[in-house]
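Reminder that position 14 of the sequence shown reads as 14 in our numbering, one-by-one numbering, no gaps. Glycine included, every Cβ here is placed at the ideal spot set by N, Cα and C. Read through the structure below, which is laid out as structure tokens, and then see the notes.
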Amino acid sequence: MTAAEVIQTMTDRIVRDFHPLRIILFGSQARHDARPGSDIDLLVVLPHVADKRLAAVAIRRVLADLSVCKDIV
Numbered sequence: 001m002t003a004a005e006v007i008q009t010m011t012d013r014i015v016r017d018f019h020p021l022r023i024i025l026f027g028s029q030a031r032h033d034a035r036p037g038s039d040i041d042l043l044v045v046l047p048h049v050a051d052k053r054l055a056a057v058a059i060r061r062v063l064a065d066l067s068v069c070k071d072i073v
């Protein structure tokens, strides 16, 4: 899978399972200066959640099978 395909897959899964207000790509992928092995940085804006840490863990679980480095904020 290309980086663009991985980003789309990640976004699709997050939208499907968490219904975020926004998903913002940032970092080297957003600047188009990523190198092979660069991570994918996503800022996920969720409606009010009681525990942000648990929400972050749940998102990471949904994306766990994608073998790329990723930072989810």
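Reference residue i, options the options, closest by Cα
i   : options       : result
I14 : V73, K52, V44 : V44
I24 : M10, T2, V57  : M10
M1  : I72, V68, V73 : V68
Those residues which DSSP pairs with residue i across a bridge
i   : result
V45 : R22
Span of the alpha helix (DSSP H), counted from its first residue to its last, around residue i
i   : result
A55 : 52-62
R31 : 28-31
Extent of the continuous beta strand (DSSP E) to which residue i belongs
i   : result
D71 : 70-72
For residue j and residue i, believed in contact at Cβ under 8 Å, the rounded distance
i   : j   : result
Q29 : I7  : 7 Å
F26 : D41 : 5 Å
Specify whether the segment 31-39 and the segment 48-62 touch according to this definition: at least 3 beta carbon pairs, one from each stretch, less than 8 Å apart.
-> Taking a cut-off of 8 Å for Cβ pairs, the segment 31-39 and the segment 48-62 do not touch, as fewer than three such pairs fall below it.
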